[in-house]
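Everything on this sheet refers to the single structure shown next.
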Amino acid sequence: MKGLVLAVVFLLIFTVYCFANGMLIEAIEKFARENFGSEATIVSLQIKSSPSSFDKIQLTSHSRSKSFFSFLFKAYQEEKFCGYVRVECELAVFADVLVVNRTVRSNEVLSENDVTFQRVNLLALNVELCTDLNQVVGKIARKMFRQNEPLDARYLAKPPDVRAGQLLTARVTIGPIVVTAQVRAMRDGYIGERISVRNVSSGVLIEGLLQEDLTVLVTGG
627 MKGLVLAVVF LLIFTVYCFA NGMLIEAIEK FARENFGSEA TIVSLQIKSS PSSFDKIQLT
687 SHSRSKSFFS FLFKAYQEEK FCGYVRVECE LAVFADVLVV NRTVRSNEVL SENDVTFQRV
747 NLLALNVELC TDLNQVVGKI ARKMFRQNEP LDARYLAKPP DVRAGQLLTA RVTIGPIVVT
807 AQVRAMRDGY IGERISVRNV SSGVLIEGLL QEDLTVLVTG G
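Numbering (this note's numbering), first residue to last: 627 to 847.
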């Protein structure tokens with residue numbers, strides 16, 4: 627008889643625990659979907675503290691460190707406040723993103739052979755992720771990426787249209803006269819950007835607008 631009573635008590639405790647746990651999971655899943663989309667899921671969950679029993683909860687606050695969250699719930703029993711529930715869990719939104727398959731140093735140009743797709747938890751990363759080869763192939767890395775590190779679009783740049791040291795033609799129009807000179811780019815530059823160049827003959831440093839045909843337009847008086 628005693629064994630039967632213990633079994634019934636255990637079953638009741640287990641039922642209450644499952645009910646409470648189900649409420650918490652449902653509430654956190656709702657939070658995850660509303661904040662991170664329908665693909666969001668719970669990876670792990672741990673109840674840190676709670677009343678012995680409750681039949682209703684209300685989310686009060688939460689904090690986040692990457693993919694790890696702490697939740698604080700108000701707990702109620704028969705509509706009466708009975709304490710707080712503290713929960714720690716990890717949430718995830720999984721997606722295939724581009725990572726480097728070798729260490730890539732700053733200023734290296736990326737090729738298709740340098741990258742591969744890898745499934746990662748987006749919530750664990752604080753980067754502007756790349757999901758298309760067109761986002762990375764031919765781009766210059768502006769920082770070092772270690773092997774298997776997801777690429778961050780904020781640190782990828784289009785190769786410059788001219789390189790520092792490259793020989794160019796500068797044009798300046800003075801009235802009806804157009805004067806040209808051979809110049810050397812002092813730094814990398816892009817079409818439509820003002821760049822500094824040095825006259826190869828005189829050594830004079832001048833500045834002009836880089837044109838589509840890679841000539842430098844210098845404004846003259």
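Virtual Cβ for every residue (Gly too), placed ideally from N, Cα, C. Quick caveat, the model's predicted, so the values are computed rather than measured.
Within the model, the alpha-carbon separation for A807 versus V788 is close to 17 angstroms.
Within the stretch 727 to 792, complete alpha helix (DSSP H) segments of at least 4 residues are not found at all. Between S693 and R712, the CB-CB gap reaches or exceeds 9 angstroms. The stretch 768 to 779 and the stretch 790 to 798 do not touch, with fewer than three beta-carbon pairs separated by less than 8 angstroms. Of all C-beta pairs linking the stretch 719 to 734 to the stretch 753 to 770, three or more are shorter than 8 angstroms, placing the two stretches in contact.
By the Cβ neighbour-count rule, G815 is buried, with 16 or more other Cβ atoms within 10 Å of its own. By the neighbour-count criterion, in which a residue is buried when 16 or more other Cβ atoms sit within 10 angstroms of its Cβ, S691 is exposed. Cβ atoms of I683 and F699 come within 8 angstroms of each other, at about 4 angstroms. C-alpha of I654 to C-alpha of V823: approximately 59 angstroms in a straight line. Across the set I821, C756, V762, the C-alpha of I821 shows the shortest separation from the C-alpha of Q837. G834 and V842 have their alpha carbons spaced roughly 5 angstroms apart. By the CB criterion at 9 angstroms, V741 and V726 fall inside the cutoff. If you draw a straight line from the Cα of V669 to the Cα of N760, it comes to about 32 angstroms.
Within its own chain, the residues whose Cβ lies closer than 6 angstroms to the Cβ of V719, once the five positions on either side in sequence are excluded, are F662, E665, A666, L748, L749, listed in chain order.
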